[in-house]
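Just below is one structure, and these are the notes that go with it.
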Amino acid sequence: MDFNQFIGSVPENIGWGKNLLSGLGNNYLGLGRADDLKFITSLTNCSNLNTLWIGRNLFGGILPNSIASLSIHLSWLAIGENQFVGNIPSEIGNLINLQNLDIYETFITGTIPASIGMLKNLQQLVLENNKLYGEIPSTIEVGNLKHLDILDVPWNKLSGEIPSSLANCKSVRGVLIQGNSFRGDVLYIFTTLTAIEGLDLSYNNFSGIIPKYLEGFQFLRYLNLSFNNFEGEVPKQGVFGNVSAISVVGNDNLCGGIPELKLPTCPILANDGQGKAHVSRGIILVISAAVCLIFLLCALASLYWLRKSSKKPSSLSSMEGRHLKLSYAELFKATNGFSSDNLIGIGSYGSVYKGILGRIENTVAVKVLNLDLRGASQSFTAECNALRNIRHRNLVKILTSCSSMNFGENPPTSNLKSETSNLNESPLNGLDWKTFFLFSCD
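Each residue of the sequence shown is one higher than the last, beginning at 765 in my numbering.
Structure, rendered in structure tokens:
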């Protein structure tokens, strides 16, 4: 009943005739509804069904799983140009004698079923202009489809690399995968496909150089490499010599080729006598000069910022590496007179206070050691050695240390001795000494 003007639904019991051989293609059948394909289940009774073409109709709904239970003799399944939705049934691999699978121009989505790899006799796979996405499953070793004649999966959302096993399909005549998101270098993929007549890789993300061996493919009549990321020189022989048979537009890094392609001239190559090509001396000089200039500018910029930063030590970070000198009065003021409100904690040999140091406008921690306590002096020495050798992200930085008598409410205004002072040689030895560690709290 192909090629008529039938309309409406297909009877659900159409499969009563077990010797039914053909199909219903090129009509106006179907109502675009979910139950349009109920008749497929009855076709499983047609044990001699060899061809099923229901393409170019108005069928809607989801492809039923029963489509994978059709006759084992089915060799051609063509259901394209309809309004199907959903996924391709994963059981499609049960149709082991299928030679042609045409599912094109529908609203089918999802990934390509891995079970298609079981169709060893498949010669033509057409999945054009659907909404398929993802990579070609690794379980499909395309190379096992040794009878594959045409691989036609353009205008989907497929990604990943072309399976390298495609090189085993030596009889393939057409590879049409344009309008996807395939990527990778194709230099070695098509080496053995000498029977190929049409190759369309356009509108993908392929890269690398254009395989020069394609010049020798005598049957190649159509080659479209446009809108990818190919680079380097375009060959000139074979199909590359016919401007009407090739397209390389949209590859910004290509050069050479026949004049009709209007590509920029490739850099001049010379032979050094040992079979190695090298870029002309003029280009090398230009590149070398550019590199030297960049290094010089970087050095000058670094020197400028170093000088600028050394002139404006306005923050705590600018004082790192220096010895910060403080007076008892500054510490007294920063901690509000070592107020109990500023007390952070108490240890065995002293206390820790929170302070705001006016000079650098930073919050600090002031650790006060009482040297009158037995063991405090040894603790001070041990802590100095530890803090000098330890660097850890969970430890606050030490800014400085100092020592002084406990002047009570009358702090001196002179600068205190640093951590290098020898307390035993001090003229104030024997008085009530306090030792301070100052920590950054940034």
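A virtual CB, placed ideally from N, CA and C, is assigned to each residue, including glycine.
Query raised in the report: By Cβ distance, which residues of its chain are closer than 7 Å to residue 782, with the 5 residues on each side in sequence left out?
Result: Taking the first residue of the sequence shown as 1, we reach residue 782 at position 18. 809, 810, 811 and 812, listed in sequence order.
Query - Boundaries (first-last residue) of the alpha helix (DSSP H) holding residue 805 - result: Locating residue 805 in the sequence shown gives position 41, where the first residue counts as 1. Its alpha helix (DSSP H) spans residues 803 to 807.
**Report entry** Pair within 8 Å by beta-carbon distance, residue 793 and residue 822
**Finding:** Looking up residue 793 in the sequence shown gives position 29. Looking up residue 822 in the sequence shown gives position 58. Yes, the Cβ-Cβ distance between residue 793 and residue 822 is below 8 Å.
Query raised in the report: Do residue 1092 and residue 1106 have their C-beta atoms within less than 8 Å of each other?
Result: Taking the sequence shown and counting its residues from 1, the one referred to as residue 1092 is at position 328. Taking the sequence shown and counting its residues from 1, the one referred to as residue 1106 is at position 342. The answer is no: Cβ separation not under 8 Å.
Report task. Please go through the same chain and pick out, in chain order, the residues whose beta-carbon is closer than 6 Å to the beta-carbon of residue 987, but skip the five residues on each side of it. Result -> Indexing the sequence shown from 1 puts residue 987 at position 223. Closer than 6 Å at the Cβ level, and outside the excluded window around residue 987, lie 963, 1003 and 1010.
Requested in this report: Output the distance between the C-alpha atoms of residue 842 and residue 867, rounded to the nearest integer angstrom.
Outcome: The residue given as residue 842 occupies position 78 in the sequence shown. The residue given as residue 867 occupies position 103 in the sequence shown. Between residue 842 and residue 867, the C-alpha separation is close to 6 Å.
Report task. Answer yes or no: do residue 944 and residue 922 have a C-beta to C-beta separation smaller than 8 Å? Result -> Within the sequence shown, numbered from 1, the residue matching residue 944 stands at position 180. Within the sequence shown, numbered from 1, the residue matching residue 922 stands at position 158. Their beta carbons are under 8 Å apart, which means residue 944 touches residue 922 by this criterion.
Query - Contained alpha helix (DSSP H) runs [length at least 4] in the stretch 800 to 863, N- to C-terminal order - result: 803 to 807
Query raised in the report: Rounded to a whole number of angstroms, what is the C-alpha to C-alpha distance between residue 1056 and residue 994?
Result: Looking up residue 1056 in the sequence shown gives position 292. Looking up residue 994 in the sequence shown gives position 230. C-alpha separation (whole angstroms): 30 Å.
Query - DSSP three-state assignment for residue 1147, whether helix, strand or coil - result: Here residue 1147 is taken as the residue at index 383 of the sequence shown, counted from 1. Correct three-state label for residue 1147: helix.
Query raised in the report: Quick one: what's got a C-beta closer than 8 Å to residue 818's C-beta in the same chain, skipping five residues either side?
Result: Against the sequence shown, residue 818 aligns to sequence position 54. Contacts found: 787, 788, 789, 793, 842, 843 and 846.
Requested in this report: Leaving aside the five residues before and after residue 769 along the sequence, list all residues of the same chain whose C-beta is less than 8 Å from its C-beta, in chain order.
Outcome: Counting from 1 along the sequence shown, the entry for residue 769 is found at position 5. The residues are 791 and 792.
Report task. Could you tell me the distance, in whole angstroms, from the CA atom of residue 774 to the CA atom of residue 800? Result -> Within the sequence shown, the letter at position 10 stands for residue 774. Within the sequence shown, the letter at position 36 stands for residue 800. One C-alpha to the other measures close to 8 Å.
Query raised in the report: Does the separation of the CB atoms of residue 959 and residue 991 fall below 8 Å?
Result: Numbered from its first residue, the sequence shown carries residue 959 at position 195. Numbered from its first residue, the sequence shown carries residue 991 at position 227. Not in contact: residue 959 and residue 991 (Cβ atoms no closer than 8 Å).
Query - Local conformation of residue 1179 per DSSP, three classes - result: By one-based count along the sequence shown, residue 1179 stands at place 415. With a pLDDT of 33 at residue 1179, under the threshold of 50, the modelled position of this residue cannot be trusted; read the value that follows with caution. Strand at residue 1179.
Report task. With DSSP collapsed to three states, give me the class of residue 1026. Result -> As a first step, residue 1026 is located in the sequence shown; it is residue number 262 there, counting from the start. Residue 1026: coil per DSSP, three-state reduction.
Query raised in the report: In three-state DSSP terms, what is residue 1089?
Result: Position 325 of the sequence shown, counted from the first residue, corresponds to residue 1089. Residue 1089: coil per DSSP, three-state reduction.
Query raised in the report: Three-state secondary structure (DSSP) at residue 986?
Result: What you label residue 986 is simply residue 222 of the sequence shown in a count that begins at 1. Here residue 986 sits in strand by DSSP.
Query raised in the report: For residue 1036, does the count of other Cβ atoms within 10 angstroms reach 16, so buried, or fall short, so exposed?
Result: For this step, residue 1036 is matched to residue 272 along the sequence shown. Per-residue confidence for residue 1036 stands at a pLDDT of 46, beneath the threshold of 50, marking its modelled position as unreliable; the derived number appears in the next sentence. It counts as exposed.
**Report entry** Distance, residue 834 Cα to residue 871 Cα
**Finding:** The residue labelled residue 871 in the question sits at position 107 within the sequence shown. The residue labelled residue 834 in the question sits at position 70 within the sequence shown. Approximately 23 Å between the Cα atoms of the pair.
Report task. Label residue 820 either buried or exposed according to how many other C-beta atoms from any shown protein chain fall within 10 Å of its C-beta, with 16 as the threshold for buried. Result -> Translated into the one-based positions of the sequence shown, residue 820 becomes position 56. The residue is buried, with at least 16 neighbouring Cβ atoms inside 10 Å.
Requested in this report: Over the uninterrupted beta strand (DSSP E) stretch that includes residue 1129, give me the two end residues.
Outcome: Within the sequence shown, numbered from 1, the residue matching residue 1129 stands at position 365. Element bounds for residue 1129: 1126 to 1134.
Query raised in the report: Nearest to residue 815 by alpha carbon, out of 901, 828, 766 and 939?
Result: Counting from one through the sequence shown, the residue named residue 815 turns up at place 51. Per the Cα distances, 766.
Query raised in the report: Cα separation between residue 1101 and residue 1089?
Result: To locate residue 1101, count along the sequence shown from 1; it is residue 337. To locate residue 1089, count along the sequence shown from 1; it is residue 325. Cα-Cα distance, rounded: 19 Å.
Query - residue 1098 burial status per 10 Å Cβ neighbour count (16 or more: buried) - result: Numbered from 1 along the sequence shown, position 334 holds the residue referred to as residue 1098. With 16 or more other Cβ atoms within 10 Å, it is buried.
Query - Cβ-Cβ distance between residue 857 and residue 889 below 8 Å - result: Stepping through the sequence shown from its first residue, residue 857 is reached at position 93. Stepping through the sequence shown from its first residue, residue 889 is reached at position 125. For residue 857 and residue 889, no; Cβs fall outside 8 Å.
Query raised in the report: Roughly how many angstroms lie between the CA atoms of residue 881 and residue 915, to the nearest whole one?
Result: As a first step, residue 881 is located in the sequence shown; it is residue number 117 there, counting from the start. As a first step, residue 915 is located in the sequence shown; it is residue number 151 there, counting from the start. When rounded, the distance between both Cα atoms is 13 Å.
Query raised in the report: How big is the Cα-Cα spacing for residue 932 and residue 956?
Result: As a first step, residue 932 is located in the sequence shown; it is residue number 168 there, counting from the start. As a first step, residue 956 is located in the sequence shown; it is residue number 192 there, counting from the start. In a straight line, the C-alpha of residue 932 is about 7 Å away from that of residue 956.
Query - Counted within 10 angstroms of its Cβ, other Cβ atoms place residue 1166 as buried (16 or more) or exposed - result: As a working note, residue 1166 is residue 402 in the sequence shown. Buried is the call here.
Requested in this report: Within the same chain, show all residues whose beta-carbon is closer than 7 Å to that of residue 831, passing over the 5 residues directly before and after it, in chain order.
Outcome: Residue mapping note: residue 831 aligns to position 67 of the sequence shown, counting from 1. Correct list, in chain order: 804 and 853.
**Report entry** residue 951 to residue 807 span [Cα, whole Å]
**Finding:** Indexing the sequence shown from 1 puts residue 951 at position 187. Indexing the sequence shown from 1 puts residue 807 at position 43. Roughly 46 Å separates the two Cα atoms.
Report task. Using DSSP bridges, identify the partner residues of residue 866. Result -> On the sequence shown, position 102 is the one that residue 866 refers to. 842 and 890.
Requested in this report: Find the nearest neighbour of residue 897 within the set 873, 913 and 828, judged by alpha-carbon distance.
Outcome: In the sequence shown, the residue the question calls residue 897 occupies position 133. Cα-wise, what sits closest to residue 897 is 873.
**Report entry** Endpoints, beta strand (DSSP E) assigned at residue 1000
**Finding:** One-based indexing of the sequence shown puts residue 1000 at position 236. Note, residue 1000: premise wrong, no beta strand (DSSP E); not H, not E.
Requested in this report: Tell me, to the nearest whole angstrom, how far the beta carbon of residue 1005 is from that of residue 973; I am working on the premise that it is less than 8 Å.
Outcome: Here the question's residue 1005 lines up with position 241 in the sequence shown. Here the question's residue 973 lines up with position 209 in the sequence shown. Not a contact, Cβ separation roughly 18 Å.
**Report entry** Rounded distance between the beta-carbons of residue 1119 and residue 1130, thought under 8 Å
**Finding:** For the purposes of this step, residue 1130 is taken as the residue at position 366 of the sequence shown. For the purposes of this step, residue 1119 is taken as the residue at position 355 of the sequence shown. At roughly 5 Å, the Cβ-Cβ gap stays under 8 Å, so residue 1130 and residue 1119 are in contact.
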